[in-house]
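To start, the structure under review is shown below, and the notes come after it.
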Amino acid sequence: MSFRTDEHIMQTSRGLVDQLQTLFGTHAGMRPAHAKGILLTGTFAPSSAASALTTAPHFRSSTPLVLIIVRFSNWTGIPTIPDTDANPDSRGIAVRFNLELDSKDHRTHTDIIAHSMPFFPIRAGGEFLEFLKAIEATQAGGGGGGPSPVEQFLGAHPAALAFVQAPKPAPSSFAREAYFGVTAVKLIGPDGKVTYVRYRIVPQDGVDVLSSEEVKAKGDNYLHDELAARLSTSGGGAFSFKLLAQVAEEGDITDDATVHWPEERALVELGVVRVEGLIGEEDSKKEQKYIIFDPIPRVEGIEPSEDPLLEMRAAVYLVSGQQRRAAQRKLKSEASQKNM
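Residues in the sequence shown are numbered from 34 upward in steps of one, following this note's numbering.
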């Protein structure tokens, strides 16, 4: 059953979008989370090791460079949040691999979505909705002198508590941050072998974080401004990440994003993500309202795992994308009426 026809998933996803907008405000045409972002272009070069694990077209060693779109983002639903905000912030990356044209000349694609935290605070969407409601109730002064609603939630959900307490240092650049795909996917090899993996996107220049004092000295948009300077003619130019697959072993949990796999698990390099240029500001604003990244692979050679977060996140992104596109259509209609 697709999440589109599963009323429980769709109802929960709409609830999540509503709750995020309650916490961060409703900003027409913007995402309810990861609202502040920047779009870039680049290429992906697969490794020879990738084609041994999966038959996916963008991982074939014979494939020429794959055109990609990359979006870096801050995690909240506030589009104007300073990059220097004092609250701990998990950064995000989404990579769209543009594949071959289909029979109707529509370019097919598949996406990877990852965050600067290597795990997620909850296992399923319903629990995440409870978490967001607990935050709202706490902000409203709930608790009556005892533990607040969010403290009660964290006390009953140790994985969420570990997520909240984990360090979230600010990077010096989106280009110097490591990103983790928290949900497992299944790579299907040429011989039909199934390999469970979690993606990692690791900067080739290394991770570099700032102290709290260094962050205070930065501008409100330092992460975004730094990318523009880096990619300018006078700056450092293009930058790259290694796309890695952390390979699960027998007994590893593959359907729960709150559970870490041991660090000694093998890492296989799938290829190099090269970020080469910014999308123009006006085109970027338009495309960010339109583009819907998808955590479910939907491509031959890669299948979703049984992790319940995959379909829930896909549904949330769909609901959010539909709202953004509706807001865009409304703006166009209003502009058209003014010009009549």
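All residues carry an ideal CB built from backbone N, CA and C; glycine is no exception.
Query: Distance, Glu333 Cα to Gly174 Cα; Result: 50 Å
Query: His142 burial status per 10 Å Cβ neighbour count (16 or more: buried); Result: buried
Query: Three-state class that DSSP yields for Arg47 in the structure shown; Result: helix
Query: First through last residue of the alpha helix (DSSP H) which encompasses Gly226; Result: Note that residue 226 corresponds to Lys in the displayed sequence, not to Gly. Premise fails: Lys226 is in no alpha helix (DSSP H) and is neither H nor E.
Query: Straight-line Cα distance separating Ala68 from Glu336; Result: 28 Å
Query: Cut-off 8 Å between Cβ atoms - residues of its own chain near Asp288, not counting five sequence neighbours on either side; Result: Ala217, Ser338, Glu339, Asp340 and Pro341
Query: Alpha-carbon spacing of Gly310 relative to Leu351, whole angstroms; Result: 27 Å
Query: Burial state of His41 (16 or more Cβ within 10 Å); Result: exposed
Query: Buried/exposed call for Thr291, threshold 16 Cβ in 10 Å; Result: buried
Query: Backbone CA spacing between Asp238 and Ala82 [nearest angstrom]; Result: 22 Å
Query: Residue nearest to Arg93 in terms of C-alpha spacing, selected from Pro79, Leu343, Gln198 and His60; Result: Pro79
Query: Simplified DSSP assignment, three categories, for Ala278; Result: strand
Query: Closest Cα partner of Leu303 within the set Phe57, Phe77 and Tyr255; Result: Phe77
Query: Whole-angstrom distance between Thr55 and Glu169, CA atom to CA atom; Result: 8 Å
Query: Stretch pair the stretch 347–366 + the stretch 244–261: three plus CB contacts closer than 8 Å; Result: no
Query: For Glu133, the nearest candidate out of Gln361, Ile329, His91 and Ile102 (CA to CA); Result: His91
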